[in-house]
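Q:
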């Protein structure tokens, strides 16, 4: 297990960040799976201002998103599925505040990014690596077709179909 990266794990593709920001009971369920809360503390001797952004959401010199996060299909650019709220914190000495990190994959890919914490008047940013894996629900069937022959009244026939889940997310109905 890589200790230098925060892993959201497998997440269902197709959920939207905008839906999670709503105050419905549905968004509470989304928040439990698609977000994590981090506590940021100022242990320094001065008040500080911290700006948060993700590395792959920054404007590159080419003006295109960086494709290094697309581990499933290198060479194909993918925008970051990660979001942070709030994007700026003002912390007094010994103060602690929370930020929320969200992950909403749009495609079944492995995403990696870095949260950049830029501290005002500090030339060296602090970076935290994050990852998630987009997954679609899928079931494999042991057979594609079931055929029952003709039966007389009162007779029974049994056929067996085995369902297996090849994904990393549980499937239930």
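Numbering (this note's numbering), first residue to last: -3 to 169.
The beta-carbon is built from N, C-alpha and C at its ideal position, and this holds for glycine as well.
(1) Under a three-way DSSP split, which group does residue 105 fall into?
(2) For residue 4 versus residue 32, is the C-beta spacing smaller than 9 Å?
(3) Kindly list the residues whose CB is nearer than 8 Å to the CB of residue 91, restricted to its own chain and excluding five residues on each side of it in sequence; keep chain order.
(4) Who pairs with residue 37 in a beta bridge, going by DSSP?
(5) Bridge partners for residue 45 per DSSP, in chain order?
(6) Are the Cβ atoms of residue 97 and residue 80 separated by less than 9 Å?
(7) With three or more C-beta pairs closer than 8 Å as the rule, is the region 97 to 106 touching the region 122 to 134?
A: In short:
(1) coil
(2) The Cβ atoms of residue 4 and residue 32 lie closer than 9 Å to each other.
(3) Within the same chain, residue 91 has close Cβ partners 37 and 38.
(4) 92
(5) Bridge partners of residue 45: 86.
(6) yes
(7) Contact between the region 122 to 134 and the region 97 to 106 is present: 3 or more CB-CB pairs across the two stretches fall below 8 Å.
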